[in-house]
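*Asks:* Just passing along the structure, written as structure tokens.
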Amino acid sequence: MRVRRSGLVASLLLTVFFAACASRHAHDGAPRAASAARLPGDAIPRREARSRYGNGPYYKVNGNTYRVLDSSYGYKARGVASWYGRKFHGRRTSSQEPYDMYAMTAAHRTLPLPTYVRVRNLRNNKSVVVRVNDRGPFVDNRLIDLSYSAALKLDMVRTGTSLVEVTALSFDEPPPQTHQTVKMRKIKPKDMETHANIYVQAGAFSEVDNAKRRFALLRSGGIVSVVVHEDKTRSPKLYRIRIGPVVNVIQYDSIIEELQKLGITETHLVTE
Numbered sequence: 000m001r002v003r004r005s006g007l008v009a010s011l012l013l014t015v016f017f018a019a020c021a022s023r024h025a026h027d028g029a030p031r032a033a034s035a036a037r038l039p040g041d042a043i044p045r046r047e048a049r050s051r052y053g054n055g056p057y058y059k060v061n062g063n064t065y066r067v068l069d070s071s072y073g074y075k076a077r078g079v080a081s082w083y084g085r086k087f088h089g090r091r092t093s094s095q096e097p098y099d100m101y102a103m104t105a106a107h108r109t110l111p112l113p114t115y116v117r118v119r120n121l122r123n124n125k126s127v128v129v130r131v132n133d134r135g136p137f138v139d140n141r142l143i144d145l146s147y148s149a150a151l152k153l154d155m156v157r158t159g160t161s162l163v164e165v166t167a168l169s170f171d172e173p174p175p176q177t178h179q180t181v182k183m184r185k186i187k188p189k190d191m192e193t194h195a196n197i198y199v200q201a202g203a204f205s206e207v208d209n210a211k212r213r214f215a216l217l218r219s220g221g222i223v224s225v226v227v228h229e230d231k232t233r234s235p236k237l238y239r240i241r242i243g244p245v246v247n248v249i250q251y252d253s254i255i256e257e258l259q260k261l262g263i264t265e266t267h268l269v270t271e
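Residues 0 to 271 (numbering that gives the first Met the number 0) are what the sequence shown spells out, left to right.
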């Protein structure tokens with residue numbers, strides 16, 4: 000994290016805030032009198048200046064160093080969303096704004112603060128737009144931490160977690176080489192996949208022998224629900240190694256743990 004003399008005290012305070020985020024879910028919960036009728040609308044994306052707080056370029060939590068992204072342009076990722084609520088309501092976020100569990104906000108480890116993102120629940124296709132103004136979640140296999148209201152609108156409060164897709168709605172400039180050719184594409188409901196199966200992709204190979212070796216490694220490691228997807232739309236065609244379908248976060252976490260034991264750390268969530 001960039002530290003100036005005048006900002007030393009603030010930087011030390013941020014370390015405390017990040018540490019609090021790392022244990023965010025201990026004894027947390029929903030408001031005592033929840034009402035879906037009072038749920039807010041989505042956050043409305045607008046151009047904002049970067050926060051003076053929480054933007055790094057680096058910070059440490061639990062001995063791990065995180066680098067804040069220079070830009071949110073083109074960011075898209077799939078993973079596990081969790082949520083936080085009553086315990087942190089009113090406390091300061093990493094950007095020094097008070098956390099409001101009824102607002103449409105979220106925490107992310109590396110996106111610049113603030114960033115607007117669309118979060119889509121891969122299980123039911125519900126989506127929300129939230130404003131990222133906090134850091135976290137600092138738990139293995141977790142991608143984003145949502146406010147209570149955002150989680151309620153995605154229908155994931157009861158389960159606590161869900162498999163999601165996160166897409167930045169960026170106002171950042173594209174890289175120079177694509178400035179004239181790349182345009183933002185609005186995501187419309189008709190573009191979204193419905194009733195899709197979710198898989199963990201554990202490799203993509205242009206050589207079929209390499210795909211067979213990865214397949215054999217997974218099977219020998221006790222992972223039996225492995226399929227080889229032959230992608231003929233690519234030239235040369237690709238052989239994608241997929242595990243699933245994945246029905247919930249518990250199964251996803253178990254698959255990731257088994258893959259790590261086999262030395263496979265680069266994975267992707269895909270739908271089909």
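Glycine included, each C-beta is placed from N, C-alpha and C at the ideal position.
(1) Do you know offhand how far Asp-69's Cα is from Ser-126's?
(2) For Arg-141, is the classification buried or exposed, using 16 other Cβ atoms within 10 angstroms of its Cβ as the cut-off for buried?
(3) Could you pull the DSSP bridge partners for Leu-145 from this structure?
(4) Tell me which residue opens and which closes the beta strand (DSSP E) that Lys-59 is part of.
(5) Alpha carbon to alpha carbon, what distance is there between Asp-144 and Trp-82?
(6) Could you pull the start and end residues of the beta strand (DSSP E) that Tyr-251 belongs to?
(7) Is DSSP giving Pro-188 helix, strand or coil here?
(8) Compute the Euclidean distance between the alpha carbons of Ala-105 and Asp-208, then round it to the nearest angstrom.
(9) Sort Val-199, Ser-93, Tyr-98, Lys-236 by Cα distance to Thr-270 and report the nearest one.
(10) Let me check one thing: in DSSP terms, what residues is Ser-161 bridge-paired to?
(11) Please classify Gln-259: is it buried, with 16 or more other beta-carbons within 10 angstroms of its beta-carbon, or exposed?
(12) If you draw a straight line from the C-alpha of Tyr-251 to the C-alpha of Lys-75, how long is it?
(13) I'd like the list of long-range same chain contacts for Ile-254, defined as Cβ closer than 6 Å, with 5 residues on each side in sequence excluded.
(14) Name the residue from Lys-86, Phe-137, His-88, Thr-160 whose alpha carbon lies nearest to the alpha carbon of Arg-119.
(15) Tell me whether the beta-carbon of Asn-54 lies closer than 7 Å to the beta-carbon of Leu-112.
(16) Should Tyr-65 and Tyr-58 be called a contact, given that it needs their Cβ atoms to be closer than 7 Å?
(17) With a threshold of 6 Å on Cβ separation, who are the neighbours of Ala-149 within its own chain once the five nearest residues in sequence on each side are excluded?
(18) With the cut-off set at 7 Å, would you say Asp-286 and Lys-86 are in Cβ contact?
(19) Among all the DSSP beta bridges, which residues are the ones paired with Pro-97?
(20) Between Asp-41 and chain D, is there a C-beta pair that is closer than 7 Å?
(21) Which partner residues of Tyr-198 appear in the DSSP bridge assignment?
*Replies:* Here's the rundown:
(1) Looking at the two C-alpha atoms, the distance is approximately 26 Å.
(2) When all chains shown are included, Arg-141 counts as buried.
(3) Note: Leu-145 sits in a beta bridge opposite Trp-82, Ala-105.
(4) Lys-59 -> beta strand (DSSP E) spans 57-60.
(5) Trp-82 and Asp-144 have their alpha carbons spaced roughly 5 Å apart.
(6) No beta strand (DSSP E) holds Tyr-251; the alpha helix (DSSP H) holding it covers 248-260.
(7) A caution first: Pro-188 carries a pLDDT of 41, below 50, which makes its placement in the model unreliable, though a value can still be read off. Pro-188 falls in the helix class under three-state DSSP.
(8) Between Ala-105 and Asp-208, the C-alpha separation is close to 43 Å.
(9) The shortest C-alpha separation from Thr-270 is found at Val-199.
(10) Looking at the DSSP assignment, Ser-161 forms a beta bridge with Ala-80.
(11) Flag for Gln-259 reads exposed.
(12) Approximately 19 Å between the Cα atoms of the pair.
(13) Same-chain partners within the cutoff: Val-199, Ile-242.
(14) With distances taken between Cα atoms, Arg-119 lies closest to Thr-160.
(15) By the CB criterion at 7 Å, Asn-54 and Leu-112 fall inside the cutoff.
(16) Contact flag set, yes.
(17) Excluding residues within five positions, the ones whose Cβ falls inside 6 Å are Met-103, Val-127, Val-129.
(18) Past the edges of the chain, shown from 0 to 271, lies residue 286, and the structure says nothing about it.
(19) Answer is Arg-91.
(20) Of the chains in the structure shown, none is chain D; there is only one protein chain.
(21) For Tyr-198, DSSP records a beta bridge to Val-269.
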